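One structure below.
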Amino acid sequence: MSRTKRINISIPEDMLKEIDEAVKNAKTGRSRFFRQAVRYYLTKGTIQDLRGQMAKGYAEMGDINLEIAESWLQADNNQVERSEMLLREMEMEW
Numbered sequence: 713m714s715r716t717k718r719i720n721i722s723i724p725e726d727m728l729k730e731i732d733e734a735v736k737n738a739k740t741g742r743s744r745f746f747r748q749a750v751r752y753y754l755t756k757g758t759i760q761d762l763r764g765q766m767a768k769g770y771a772e773m774g775d776i777n778l779e780i781a782e783s784w785l786q787a788d789n790n791q792v793e794r795s796e797m798l799l800r801e802m803e804m805e806w
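Taking our numbering, the leading residue of the sequence shown gets 713, the next gets one more, and so forth.
Printed below as a string of structure tokens:
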């Protein structure tokens with residue numbers, strides 16, 4: 713484990729009572745409880761930041777993706793028309 717540093721924090725008494733109850737139930741100590749709580753908070757914040765960045769990226773890429781999809785739709789429609797024309801020609805030959 714990395715070096716530790718002692719800090720002092722101020723919290724309301726009623727919150728400390730809840731923390732002490734949680735610590736007792738978890739059979740751990742306050743320090744470990746706070747380390748785990750901070751680690752959880754930091755990880756959750758990182759995940760939320762990542763989700764926000766992904767949402768922003770999807771929004772920014774929306775117009776580009778739409779343009780690509782429309783160009784492929786046109787190409788697909790052209791191919792369908794060509795296939796239908798070839799089928800009609802084959803039917804006429806029979």
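For every residue, glycine included, the Cβ atom is placed at its ideal position computed from N, Cα and C. Nothing here was measured: the structure is a model prediction, and the numbers come from that model.
| message | I need the DSSP call for Ser783, collapsed to helix, strand or coil. | response | helix
| What residue range is occupied by the uninterrupted alpha helix (DSSP H) comprising Lys717? | Lys717 -> no alpha helix (DSSP H), and no H or E assigned at all.
| task | Less than 8 angstroms between the CB atoms is what I'm expecting for Phe746 and Ala734, so what's the real figure, rounded? | result | Not confirmed; about 11 angstroms, so no contact.
| Roughly how far, in whole angstroms, is the beta-carbon of Ile731 from the beta-carbon of Arg718, given that I think they are within contact range, below 8 angstroms? | Here Ile731 is actually not in contact with Arg718; their C-beta atoms are around 17 angstroms apart, not less than 8 angstroms.
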